[in-house]
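Note that the sequence shown covers residues -23 to -1, 1 to 158 in mature numbering (1 follows the signal peptide of the UniProt record, and there is no 0). Have a look at the structure below, then the notes.
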Amino acid sequence: MKKNLFLFLLITFAYNVSGQTIASDTITYKGEKDYVANDTIQDWSLDYQALEPQVKADIDWLSYTPLGVNQDVRDDKNSFVLMWMSGVPYMKMNLDERIVTFLAGEPWLIMSYMTGWTKYFLENNYSQNQIQLSIAGVKNVINFYQRNKRHLQKNKEVESYIKLDKSGKLEEYIASVLMSN
């Protein structure tokens, strides 16, 4: 299920940007060495650590810029962050179905979870604490959902996380779910 979810997200975001034309064969992001996109050679040799500041900046932009504003920029930043997350060799994201219960909703919500998870990972010395990583992901979803309610469909699962967070029981709930096997 986790692999299917990630594949679905990758295809969804790739489809969004597939209609865009790239002005040049060279694609460069801040902090990155130039590389040439070549479909026949899969050796892009990116320095993932050098890209971390740009990844964090793009995550902030994606989290705080409302949906419907600068959609082309959003698609570009989503693609870059997703590319980084899927290729970085020292980060293994866990999308636990018991926590990521909002899969049937908007694809923006799952991307928001993944970016919150990733930002916590980067800002906390490559943390491997699955409880704290999951809490960060869910809290990012809550914040994103509340900021963009008028652009998103109502999601009962996220609404229940909002109630848990307001009552101060979100962390306890996520910990209990992840500790039970």
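Each residue gets a CB set at the ideal place from its N, CA and C atoms; glycine is no exception.
- With a minimum length of 3 residues, there is no unbroken run of beta strand (DSSP E) contained wholly in the segment 64 to 125.
- Looking from the CA of Lys126, the closest CA among Leu44, Lys33 and Asp53 belongs to Leu44.
- When the beta-carbon positions are compared, Leu110 and Val32 stay at least 8 Å from each other.
- Distance from Tyr138 to Leu147 at the Cβ level is roughly 6 Å; contact confirmed, criterion being Cβ atoms closer than 8 Å.
- If the five residues before and after Glu29 are omitted, its C-beta is found closer than 7 Å to the C-beta atoms of Leu99, all from its own chain and listed in chain order.
- Judged by DSSP secondary structure, Lys146 falls outside any alpha helix (DSSP H); it is assigned neither H nor E.
- Taking the Cα positions, Asn132 is about 7 Å away from Gly82.
- By the 16-neighbour rule on beta-carbons within 10 angstroms, Ala27 is exposed.
- Taking the Cα positions, Asp49 is about 14 Å away from Val58.
- Take the alpha-carbon of Met156 and the one of Arg75: they are about 11 Å apart.
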